[in-house]
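Participant:
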Amino acid sequence: MRERLRGSRVLQAARFLPYSIPHFFWRILRPVRAERVLFLSDSHDGFTGNMAFLRDAIARRHPHAEIVGVFKPRLSARRSVRDFVRLPYLIATSGIIVLDDFYPLIYQLWMRRRNRLVQIWHAAGAFKQVGHSRAGLPGGPLPGSRIHRNYTDAAVSSEGIVDDYAEAFGIARERVHAWGMPRSDVFFDDDARTEIRTRVRERFGIRDDQRFVVYAPTFRGNGQLSAKAAPVADWAAIAQTLGDDWRVGVRQHPFVRTTGLAAGIIDASAEADMNDLLMATDVLITDYSSAIFEYALLRRPIVFFVPDLEDYTEARSFYRPFSDYAVGPVVSDAGELAAAIADALVDDVRLDRFLAEFCGALDGNSSDRIADELLRGATA
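Using my numbering, you'd call the opening residue of the sequence shown number 37 and step up by one each time.
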């Protein structure tokens, strides 16, 4: 049934009629409030990540703004009756609407001329292909799909990836702006980084003289509803090989539960904020996760564990050759992980090129810059 719904534009439109019909009438009955900023997500509860940083910047720099948030923890969760009723009104009357992920409802609505629909995508850089870049691939959009196309603005982490996101969202490159990524600002605050690192390591019982290595892969599958866990390794054996100077943690993607960890292996998913976890991490093990872009700001070693690289490339594809992202050792055999972790170093020249390409707009001022770009000229 899900595939049938996804494959029919008519069924998609019919599914959202309870929203689109009242939205049509609110467009007629009520004016747009330029100072109202509406945050929407079907992927998390409340203000987190990019949305939290941007909300705080707006509240600080533009106190006249009215900030509203409507959230669901995941696509499959039921919406409350209150949100069901108020969403069409809020979307029709908000001057600025902010998304940070795929949001199916909004693509079925015709935005008003004074609505500004802004995508502050939840990932930095441009790694695995998304949106219209995946046309023709499993899980990609159908011909004529309207997903993403009604964004008036999209914020990205570097000028070097503007064309990638214009393609992904199916919009003109003039609508894609290298404004940065709000949640990256904390990486440029030395005091905050130190406090977060200390707090997280104390929570996990990691000594000051121990190095913390975290496996944090992306999910397998085509999206939130079909997500599966990444390949695993014998982390207990790896921890034993590394010795008492190391602690090992595992954090599967939020779409996938972290389960079945051996004694002594830290369940790093207990730290909800991925950025906070990265601050506490000394060596990151990952695969195709966009966490590499923010972690690169810390200039610490990354190990790429990719036993399924060929299959994943064929099924998912990347915006660049995988070698362009591999700023650390690439391991396909789990038996080689312990040695790769212990010997991992940072190639500063390669890392500088990587940061310039994918993170050039990350400078500690992204939240303020985006807040000012959106609220400039808005009056109460």
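All C-beta atoms, glycine included, are put in the ideal place defined by N, C-alpha and C.
Quick one, which of A362, A272 and A191 has its alpha-carbon nearest P337's?
Facilitator: Taking the sequence shown and counting its residues from 1, the one referred to as residue 337 is at position 301. For P337, the nearest C-alpha among the options comes from A362.
Participant: Run the CB neighbour count on I321, radius 10 Å, all protein chains shown included, and call it buried at 16 or more, exposed below.
Facilitator: Here residue 321 is taken as the residue at index 285 of the sequence shown, counted from 1. With 16 or more Cβ atoms within 10 Å of its Cβ, I321 is classed as buried.
Participant: At which residues does the alpha helix (DSSP H) containing L373 begin and terminate?
Facilitator: Within the sequence shown, the letter at position 337 stands for residue 373. Its alpha helix (DSSP H) spans residues L373 to D379.
Participant: What are the uninterrupted segments assigned as alpha helix (DSSP H) that are 4 or more residues long and contained completely in the stretch 284-357, given in chain order?
Facilitator: Segments of the alpha helix (DSSP H) lying fully in the stretch 284-357: 310-316, 327-332 and 345-351.
Participant: Give the secondary structure of F107 by DSSP, where H, G and I count as helix, E and B as strand, and everything else as coil.
Facilitator: Counting from 1 along the sequence shown, the entry for residue 107 is found at position 71. F107: strand per DSSP, three-state reduction.
Participant: Can you give the Cα-Cα distance for M37 and L111, rounded to whole angstroms?
Facilitator: Reading the sequence shown from its first residue, position 1 is the one you call residue 37. Reading the sequence shown from its first residue, position 75 is the one you call residue 111. Any reading at M37 needs caution, since the residue's pLDDT is 47, under 50, leaving its predicted position unreliable; the model's value is listed next. When rounded, the distance between both Cα atoms is 16 angstroms.
Participant: Using CA coordinates, which residue listed in I156, A378, A375 and A392 is at the minimum distance from F138?
Facilitator: Within the sequence shown, the letter at position 102 stands for residue 138. Ranking the options by Cα distance to F138, first place goes to I156.
Participant: Just to confirm, is the Cβ distance from K27 to Y355 under 9 angstroms?
Facilitator: A query on residue 27 cannot be resolved here, the shown segment of the chain reaching from 37 to 416 and no further.
Participant: Give every residue of the same chain whose Cβ lies closer than 7 angstroms to the Cβ of L417, excluding the five residues on either side of it in the sequence, and list them in chain order.
Facilitator: What the structure shows of the chain is the stretch from 37 to 416, and residue 417 is not part of that stretch, so it cannot be assessed.
Participant: Cβ of L153 within 9 angstroms of Cβ of S77?
Facilitator: Position 117 of the sequence shown, counted from the first residue, corresponds to residue 153. Position 41 of the sequence shown, counted from the first residue, corresponds to residue 77. No, the pair does not count as a contact, with Cβ atoms beyond the cut-off.
Participant: Which runs of the alpha helix (DSSP H) spanning at least 4 residues fall entirely within the stretch 94-159, listed in chain order?
Facilitator: Correct list: 117-129.
Participant: Helix, strand or coil for F163, going by three-state DSSP, please let me know.
Facilitator: In the sequence shown, residue 163 corresponds to position 127, counting from 1. Correct three-state label for F163: coil.
Participant: If I follow the unbroken beta strand (DSSP E) through D189, where does it start and stop?
Facilitator: Here residue 189 refers to the residue found at position 153 when the sequence shown is read from its first residue. Taken as a continuous stretch (DSSP letters only), the beta strand (DSSP E) holding D189 covers D189 to A191.
Participant: Which stretch, first to last residue, makes up the beta strand (DSSP E) that contains R185?
Facilitator: Sequence index remark: in the sequence shown, residue 185 carries index 149 (1-based). From DSSP, R185 is part of no beta strand (DSSP E); its letter is neither H nor E.
Participant: Which residue from S359, A374 and D347 puts its Cα closest to that of D270?
Facilitator: In the sequence shown, the residue the question calls residue 270 occupies position 234. That would be A374, whose Cα lies nearest to the Cα of D270.
Participant: Counting only the same chain and skipping the five closest in sequence on each side, list residues whose C-beta sits under 6 angstroms from that of R182.
Facilitator: Numbered from its first residue, the sequence shown carries residue 182 at position 146. Only Y143 meet the Cβ criterion.
Participant: Per DSSP, F420 forms a beta bridge with which residues?
Facilitator: Lying outside 37 to 416, the shown extent of the chain, residue 420 is not represented and no answer is given.
Participant: With a threshold of 7 angstroms on Cβ separation, who are the neighbours of T84 within its own chain once the five nearest residues in sequence on each side are excluded?
Facilitator: Taking the sequence shown and counting its residues from 1, the one referred to as residue 84 is at position 48. The answer is none, since no qualifying residue turns up.
Participant: Considering only the beta carbon of each residue, do M217 and N401 sit closer than 9 angstroms?
Facilitator: For the purposes of this step, residue 217 is taken as the residue at position 181 of the sequence shown. For the purposes of this step, residue 401 is taken as the residue at position 365 of the sequence shown. No. Outside cutoff.
Participant: Would T317 pass as a contact of G285 if the rule is Cβ separation under 9 angstroms?
Facilitator: For the purposes of this step, residue 317 is taken as residue 281 along the sequence shown, with counting starting at 1. For the purposes of this step, residue 285 is taken as residue 249 along the sequence shown, with counting starting at 1. Closer than 9 angstroms, so yes.
Participant: Could you pull out every unbroken beta strand (DSSP E) segment of at least 3 residues lying fully inside the stretch 199-265, listed in chain order?
Facilitator: Runs found: 247-251.
Participant: Per DSSP, W282 is paired with what?
Facilitator: As a first step, residue 282 must be located in the sequence shown, where it is residue number 246. The partner list for W282 (beta bridge, DSSP) reads R247.
Participant: Going by beta carbon distance, what residues of the same chain come within less than 7 angstroms of T277, once the five residues before and after it are set aside?
Facilitator: As a position in the sequence shown, residue 277 is number 241, starting the count at 1. A374, listed in sequence order.
Participant: Between G172, L178 and F61, which lies nearest to R122 when the distance is taken from Cα to Cα?
Facilitator: The count along the sequence shown starts at 1 and reaches residue 122 at position 86. Considering only alpha carbons, the answer is F61.
Participant: What does R405 pair with, by DSSP beta-bridge criteria?
Facilitator: Taking the first residue of the sequence shown as position 1, residue 405 is located at position 369. Note: R405 sits in no beta bridge, so no partner.
Participant: What first and last residue would you give for the alpha helix (DSSP H) that runs through D81?
Facilitator: To locate residue 81, count along the sequence shown from 1; it is residue 45. Run containing D81: none; DSSP gives neither H nor E here.
Participant: Do three or more CB pairs link the stretch 327-346 to the stretch 364-383 at distances below 8 angstroms?
Facilitator: The answer is yes - the stretch 364-383 touches the stretch 327-346, with three or more Cβ pairs under 8 angstroms.
Participant: Among the candidates Y201, M315 and S359, whose CA atom is the shortest distance from the CA of D227?
Facilitator: As a working note, residue 227 is residue 191 in the sequence shown. Measuring from the Cα of D227, the nearest candidate turns out to be M315.
Participant: Short of 7 angstroms in beta carbon distance, which residues of its chain neighbour L141, apart from the five on each side in sequence? Order them along the chain.
Facilitator: Residue mapping note: residue 141 aligns to position 105 of the sequence shown, counting from 1. The residues are F52 and Y55.
Participant: Rounded to a whole number of angstroms, what is the C-alpha to C-alpha distance between E393 and D360?
Facilitator: Your numbering for residue 393 matches position 357 in the sequence shown. Your numbering for residue 360 matches position 324 in the sequence shown. About 10 angstroms.
Participant: Which same chain residues, not among the five before or five after F224, have their C-beta less than 6 angstroms away from its C-beta?
Facilitator: For this step, residue 224 is matched to residue 188 along the sequence shown. Contacts found: G400.
Participant: Tell me the rounded alpha-carbon separation between A101 and R150.
Facilitator: As a working note, residue 101 is residue 65 in the sequence shown. As a working note, residue 150 is residue 114 in the sequence shown. If you take the alpha carbons of A101 and R150, they lie about 16 angstroms apart.
Participant: Could you compute how far the alpha carbon of A160 sits from the alpha carbon of S193?
Facilitator: Here residue 160 refers to the residue found at position 124 of the sequence shown. Here residue 193 refers to the residue found at position 157 of the sequence shown. The straight-line gap from Cα to Cα measures roughly 6 angstroms.
Participant: Please return the same chain residues whose Cβ sits closer than 7 angstroms to the Cβ of H158, not counting the five positions on each side in sequence.
Facilitator: The sequence position of residue 158 within the sequence shown is 122, counting from 1. Contacts found: G85, N86, D136 and D137.
Participant: Taking the C-alpha atoms as reference points, what is the distance between T129 and D81?
Facilitator: Within the sequence shown, the letter at position 93 stands for residue 129. Within the sequence shown, the letter at position 45 stands for residue 81. So the two alpha carbons sit approximately 22 angstroms from each other.
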